[in-house]
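Asks: Quick one: the structure is below, and I'll ask about it shortly.
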Amino acid sequence: MKLYNTMSRKVEELVTREKDVVRLYTCGPTVYHYAHIGNLRTYITEDVLEKSLKYLGYNVKRVMNITDVGHLTSDSDSGEDKMLKGAKREHKTVLEIADMYTEAFKNDCDKLNIRWPDVVSKATDNIDMYIKIISNLLNKGYAYKSGGNIYFDTSKLDDYYVLTNHKIDEMVVGVREGVEEDSNKKNQADFVLWFTKSKFQDQELKWDSPWGLGYPGWHIECSGIAIKNLGEYLDIHCGGVDNIFPHHTNEIAQSEAYLGHEWCKFWLHGEHLNDKSGKMSKSKGEFLTVSLLESKGYNPLAYRYMCLKSYYHNVLTFDYAILDGCQNEYDKLKNRCLNLSNNGDLDRKKFDYYNNKFKEYISDDLNMAMSISLLYDILKDNSVNDKTKRELISSFDKVLSLDLLKEKETVIDNELVSYIDMMIEKRNKYKEEKNYVEADKVRNELLDKGIIIKDTREGTIYEIKR
Ligand code: AMP
Ligand code: ZN
Numbered sequence: 001m002k003l004y005n006t007m008s009r010k011v012e013e014l015v016t017r018e019k020d021v022v023r024l025y026t027c028g029p030t031v032y033h034y035a036h037i038g039n040l041r042t043y044i045t046e047d048v049l050e051k052s053l054k055y056l057g058y059n060v061k062r063v064m065n066i067t068d069v070g071h072l073t074s075d076s077d078s079g080e081d082k083m084l085k086g087a088k089r090e091h092k093t094v095l096e097i098a099d100m101y102t103e104a105f106k107n108d109c110d111k112l113n114i115r116w117p118d119v120v121s122k123a124t125d126n127i128d129m130y131i132k133i134i135s136n137l138l139n140k141g142y143a144y145k146s147g148g149n150i151y152f153d154t155s156k157l158d159d160y161y162v163l164t165n166h167k168i169d170e171m172v173v174g175v176r177e178g179v180e181e182d183s184n185k186k187n188q189a190d191f192v193l194w195f196t197k198s199k200f201q202d203q204e205l206k207w208d209s210p211w212g213l214g215y216p217g218w219h220i221e222c223s224g225i226a227i228k229n230l231g232e233y234l235d236i237h238c239g240g241v242d243n244i245f246p247h248h249t250n251e252i253a254q255s256e257a258y259l260g261h262e263w264c265k266f267w268l269h270g271e272h273l274n275d276k277s278g279k280m281s282k283s284k285g286e287f288l289t290v291s292l293l294e295s296k297g298y299n300p301l302a303y304r305y306m307c308l309k310s311y312y313h314n315v316l317t318f319d320y321a322i323l324d325g326c327q328n329e330y331d332k333l334k335n336r337c338l339n340l341s342n343n344g345d346l347d348r349k350k351f352d353y354y355n356n357k358f359k360e361y362i363s364d365d366l367n368m369a370m371s372i373s374l375l376y377d378i379l380k381d382n383s384v385n386d387k388t389k390r391e392l393i394s395s396f397d398k399v400l401s402l403d404l405l406k407e408k409e410t411v412i413d414n415e416l417v418s419y420i421d422m423m424i425e426k427r428n429k430y431k432e433e434k435n436y437v438e439a440d441k442v443r444n445e446l447l448d449k450g451i452i453i454k455d456t457r458e459g460t461i462y463e464i465k466r
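FYI, the working numbering numbers position 73 of the sequence shown as 73, with every residue one higher than the one before it.
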């Protein structure tokens with residue numbers, strides 16, 4: 001498996017510490033709002049990585065965090081607390097916001113066929129681990145207390161900027177711009193491990209620590225959760241490119257200072273999805289979510305298809321015209337797959353030939369665009385019988401996860417059930433009021449959605465047209 005390694009800045013062969021085992025850590029969402037489809041591009045890349053590794057025979061142990069405390073609007077510990085901001089915006093508690101958006105994120109992942117990692121851990125569930133690491137860093141002199149907070153002392157490292165191509169000047173400017181200086185820091189690049197002197201007096205979540213009541217910084221969460229669940233060595237660490245600095249740079253600093261050795265050799269970063277104005281935003285312009293795409297009639301899997309067609313290491317600019325094209329192609333591709341018969345016997349030679357090609361492409365730094373063209377080659381190839389084509393597509397779909405052979409079905413989810421119940425209740429009320437015109441309107445509205453209602457002695461029942 002060859003992948004682009006941010007650390008070495010080249011595509012190189014993945015070497016794992018334990019044969020055929022990949023310990024994979026992927027940074028999870030900060031659950032203060034819905035994920036935008038840019039965030040979800042990164043999770044699609046990570047999903048494809050996990051599934052490709054499994055396809056190639058690796059046993060993948062994957063862990064992801066859910067950030068529900070400590071992440072400020074600037075990744076370098078300044079600005080507002082994202083969770084608190086979300087809670088205020090919606091007049092809810094931080095924990096309510098966290099639960100609500102974790103659930104929403106899970107739904108988005110389901111819709112995009114992103115597999116939920118085996119271990120998903122909330123930042124607030126691992127406070128003891130952060131305290132353990134921070135105490136150790138203080139003992140070893142890598143951390144200091146100042147103004148009530150605990151900071152990591154970046155001057156203690158030979159190469160704090162190891163992941164960032166040593167563009168120190170750029171990084172420093174990046175941090176300075178628009179961000180107020182924290183006068184408690186000894187060095188400008190130092191970062192908070194534990195906050196006690198919060199400028200957020202209304203901070204809801206605080207824990208007891210040897211340094212007083214407080215809460216962890218954002219970066220320590222990922223180190224703590226990764227080390228707790230995957231041990232002292234990682235094989236691959238992932239995130240979006242914005243995570244390279246300062247988040248992953250800080251993760252490396254504190255993890256290696258704590259462990260006393262190199263932590264992770266392979267760093268894979270997904271490039272961003274931008275909108276036409278540049279950076280994708282949750283507050284400005286159109287907030288592009290999976291639900292928004294659905295409300296406009298797009299299948300979320302057409303968006304997955306769009307992401308797969310672009311190389312994860314290239315910036316992708318979102319455009320409805322491109323998505324229209326992808327939706328069209330995806331529908332046609334799926335139709336062609338579904339129209340394949342089950343005739344013939346599996347042609348093992350042909351299967352192996354194409355399957356090896358597929359493995360070659362996914363091993364080539366996740367070349368999903370070539371894997372998709374391969375699908376078209378197979379569909380066109382008259383020397384391959386339908387049965388073999390079906391088997392190949394079904395096999396590739398373990399990685400692509402485009403439901404290419406899945407017949408359309410009406411999924412009766414909880415949301416739909418509550419909607420139908422609400423409509424039936426509304427109609428019954430109109431009937432009681434003998435307002436049959438309105439009652440029929442409700443019935444027709446449901447009918448338009450393929451839901452047939454019938455009045456029986458036991459009450460109103462419904463049936464969903466398939
Ligand atoms: P956050 O919830 O802000 O912590 O971000 C969740 C994930 O989305 C992180 O891995 C980010 O690197 C990634 N991310 C943020 N913005 C984008 C974007 N526009 N395109 C792709 N990934 C992004
Ligand atoms: Zn992280």
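All residues carry an ideal CB built from backbone N, CA and C; glycine is no exception.
1) Roughly how many angstroms separate the alpha carbons of GLY174 and ASP235, rounded to a whole number?
2) Starting from the C-beta of LEU379, find all residues in its chain whose C-beta is less than 6 Å away, skip the five residues before and the five after it, and write them out in chain order.
3) Check the C-beta distance from LEU72 over to ASP81 and give it rounded, since I have them as a contact under 8 Å.
4) At a cut of 8 Å, does the stretch 125-139 reach the stretch 211-230 through at least three beta carbon pairs?
5) Return the CA-CA distance between GLY152 and ASP159, expressed in angstroms with no decimal places.
6) At a cut-off of 8 Å, is VAL69 close to the ligand AMP when judged by its beta-carbon and the heavy atoms of the ligand?
7) Measure the CB-CB distance between THR345 and LYS389 and report whether it falls below 9 Å.
8) If contacts are defined as beta-carbon pairs under 8 Å, then HIS269 and GLY297 qualify, I think. What distance do you get, rounded to the angstrom?
9) Beta-carbon within less than 7 Å of PHE358's beta-carbon, same chain only, minus the 5 sequence neighbours each way: which residues are those?
10) Using the rule of at least 16 other Cβ atoms within 10 Å of the residue's Cβ for burial, across every protein chain shown, is LEU340 buried or exposed?
11) Between the C-alpha atoms of SER146 and SER183, what's the straight-line distance to the nearest angstrom?
12) Quick one: give me the first and last residue of the beta strand (DSSP E) that GLU13 is part of.
13) Please determine if the stretch 61-68 and the stretch 17-34 are in contact, where contact requires at least 3 C-beta pairs separated by less than 8 Å.
14) Starting from MET64 and walking both ways along the beta strand (DSSP E), at which residues does that stretch end?
15) When DSSP builds the beta bridges, which residues end up paired with GLU46?
16) Between SER255 and LEU56, how many whole angstroms is the CB-CB distance? I'm expecting something under 8 Å.
17) Drop a sphere of 10 angstroms on the beta-carbon of SER383, count the other beta-carbons inside from all chains shown, and report buried for 16 or more, exposed for fewer.
18) Under 5 Å, CB to any heavy atom of the ligand ZN. Which residues pass, going along the chain?
19) Do THR26 and CYS238 count as a contact pair if the criterion is CB distance below 9 Å?
20) Cβ-heavy atom distance between ASP242 and the ligand AMP below 8 Å?
21) State the CB to CB distance for the pair TYR312 and THR45, rounded to an integer number of angstroms; the pair is presumed to be in contact (CB under 8 Å).
22) Using a Cβ-based criterion (distance less than 8 Å to any ligand heavy atom), does GLU271 qualify as near the ligand AMP?
23) With 16 as the cutoff for other CB atoms within 10 Å, does VAL315 come out buried or exposed?
24) What whole-angstrom Cβ distance do LEU213 and ILE150 have, given they're in contact under 8 Å?
25) Whole angstroms are fine: how far does the CA of GLU262 sit from the CA of TYR233?
26) Quick check on this structure: which residue in LYS88, ALA253, ARG115 has the alpha carbon closest to the alpha carbon of LEU137?
27) For a test of your reading of the model: does the CB of GLY239 fall under 8 Å from any non-hydrogen atom of the ligand ADP? Yes or no.
28) Taking CB distances under 9 Å as the criterion, tell me whether GLU271 reaches chain B.
29) Classify ARG62 as buried or exposed, calling it buried when 16 or more other Cβ atoms lie within 10 Å of its own Cβ.
Replies: Result, derived from the coordinates:
1) Reliability fails at GLY174, whose pLDDT of 45 lies under 50, so the model's placement of it is uncertain and no value is given.
2) ARG336
3) Their Cβ separation, rounded to whole angstroms, is 6 Å, which keeps LEU72 and ASP81 in contact under 8 Å.
4) yes
5) According to the sequence displayed, residue 152 carries Phe and not Gly. Rounded to the nearest angstrom, the two C-alpha atoms are 14 Å apart.
6) no
7) Thr is not the amino acid found at residue 345; the sequence shown has Asp there. No, Cβ-Cβ distance for ASP345 and LYS389 is not below 9 Å.
8) Contact flag wrong, Cβ pair sits at about 32 Å.
9) SER371, LEU374, PHE396
10) LEU340 is buried by the Cβ-count criterion.
11) 9 Å
12) 10-13
13) Cβ pair count under 8 Å is three or more, so yes.
14) 59-66
15) DSSP lists no partner for GLU46.
16) So it is not a contact: roughly 27 Å between Cβ atoms.
17) exposed
18) CYS27, CYS222
19) yes
20) yes
21) 4 Å
22) yes
23) exposed
24) The C-beta distance from LEU213 to ILE150 rounds to 13 Å, too long to meet the 8 Å contact threshold.
25) Taking the straight line from one Cα to the other gives about 8 Å.
26) ALA253
27) Annotation note on the ligand ADP: not contained in the displayed structure, which lists the ligand AMP and the ligand ZN as its ligands.
28) Absent from the structure is chain B; it holds one protein chain and no more.
29) Buried is the call here.
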